[in-house]
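Numbering (our numbering), first residue to last: -2 to 397.
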């Protein structure tokens, strides 16, 4: 149920909007200023969302990653071949239909590959995998070509990595350690972070890197009862091991947390600084609206229109223009950047690039709309308050 002054507000707002053509410049400044702020905010938040999505798509709650105690990432971990075998033989590790333990000892190394555009070297993760590695990663599937054959210098390249290095096509050669390796296939993993990697036969990579039988981690599928906690408890009781076990999902969630917080903080900070300029544009638009309509507003007051209704119409106009700018900025950011492929080295504990796609989610768009609303409300409050304090007799005396 509307009150008299709210219905009056709607009537006054309609009159005010009809006069926007006389105030097009300050109104346009408010729309463009808000669109700029919202657009930048959407782009930066979509980076955080895309990076987090890539990490979360990699982690599985079914798989357990076992690393050396104290290692915060795969690159910081190291396990001997004997320790890897002890982990594989743990009672808490599940077995496949053939009775083989569902566990794989994997290497993790960094290769330097020249950038296609600049020629500068860029770090890329190379993972040495075992046959069981493919079975453990249920989101993995072969897009083109085949898997590397045991005993051959061959690699699979992730789809994201290939997008980052277009010269690495099927049959091309890539320099790893002491020689050239042939690209024999391309794989996908639902956009997960492993798509930024190259996969090779583990024993061949151990030989090339002169690692002996050492590996970085063991990926395992735990039995249904106990999960990561059960496997971790069993491994902790073995004096020959000093390891930690956690689910893949937990591991990659921790890896993405710091980067996500950094980008969000950066996005909010930049948006706040740009928002000040948009607020000035909103104040200018509201002040221009009230100044150019001084006698009109005074006449409405003299005719009995509630000053709250007029103030609400001024505030509503500011919010409406800001929302238009917010929708415009969000739409432009979505069309230009959603799905855009980028890579980052920041906050990667493995010192390799992570290739991901900008992702404009519903949550990002909601935050953008809220930001536009704040600009409109804060920017329109002062002109609206000015209306309520305007003496009618003085306003009627003002010449146009």
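The beta-carbon is built from N, C-alpha and C at its ideal position, and this holds for glycine as well. Computed from a prediction, not measured in an experiment: that's the story for all the values here.
| query | result |
| --- | --- |
| 7 angstroms Cβ cutoff met for residue 215 and residue 89 | no |
| Which residues DSSP lists as bridging residue 184, in chain order | 139, 155 |
| Ordered list of beta strand (DSSP E) runs contained in the segment 88 to 140, each at least 3 residues | 100 to 111, 118 to 126 |
| Outcome for residue 262 when other beta-carbon atoms lying within 10 angstroms are tallied against a minimum of 16 | exposed |
| The segment 218 to 232 contacting the segment 143 to 158, beta-carbon criterion three pairs below 8 angstroms | no |
| Other residues of its chain near residue 178: CB distance less than 6 angstroms, five sequence neighbours each side excluded | 150, 152, 171 |
| Backbone CA spacing between residue 99 and residue 249 [nearest angstrom] | 20 angstroms |
| Straight-line Cα distance separating residue 321 from residue 32 | 8 angstroms |
| Minimum C-alpha distance to residue 115 - residue among 162, 41, 70 | 162 |
| Under 7 angstroms between C-beta atoms of residue 101 and residue 74 | no |
| Contact belief for residue 199 with residue 174 at Cβ below 8 angstroms, rounded distance in angstroms | At roughly 14 angstroms, the Cβ-Cβ gap does not stay under 8 angstroms, so residue 199 and residue 174 are not in contact. |
| For residue 170, the residue or residues it bridges with in DSSP | 179 |
| Proximal residues to residue 477 (C-beta, below 6 angstroms), its chain only, five neighbours per side dropped | The structure shown does not extend to residue 477, since the chain is modelled only from -2 through 397, so no value can be given for it. |
| Residue 212 and residue 333 closer than 7 angstroms at C-beta | no |
| Residue(s) in a DSSP beta bridge with residue 195 | 123, 154 |
| Inter-residue Cα distance where the pair is residue 251 and residue 227 | 21 angstroms |
| Start-to-end residues for the alpha helix (DSSP H) that takes in residue 146 | Neither: residue 146 is in no alpha helix (DSSP H) and is coded neither H nor E. |
| Residue 165 in three-state terms, based on DSSP | coil |
| DSSP state of residue 60 mapped onto helix, strand, coil | strand |
| Residue 64 vs residue 244 beta-carbon contact at 7 angstroms | no |
| Residue 243 - containing beta strand (DSSP E), residue span | 240 to 244 |
| DSSP three-state assignment for residue 357, whether helix, strand or coil | coil |
| Residue 215 - DSSP class collapsed to helix/strand/coil | strand |
| Given residue 232 as reference, the closest of 34, 84, 43 once Cα atoms are compared | 84 |
| Strand pairing of residue 76, partner residues [DSSP] | 212 |
| Cβ-Cβ distance between residue 336 and residue 35 below 7 angstroms | no |
| C-beta atoms of residue 186 and residue 137 nearer than 7 angstroms | yes |
| C-beta atoms of residue 365 and residue 327 nearer than 7 angstroms | yes |
| Status (buried if at least 16 other CB within 10 Å, exposed otherwise) for residue 143 | exposed |
| Cβ-based neighbour list, residue 166, same chain, cut-off 8 angstroms, excluding 5 preceding and 5 following | 159, 180 |
| Reduced DSSP secondary structure (H/G/I, E/B, other) of residue 190 | helix |
| Beta carbon of residue 218 nearer than 7 angstroms to that of residue 91 | yes |
| Strand pairing of residue 65, partner residues [DSSP] | 240 |
| As assigned by DSSP and simplified to three states, the class of residue 36 | helix |
| Whole-angstrom C-beta distance between residue 96 and residue 355, which should lie under 8 angstroms | Rounded, the Cβ-Cβ distance is 45 angstroms, inconsistent with contact. |
| Through-space distance from residue 190 to residue 49, alpha-carbon basis | 9 angstroms |
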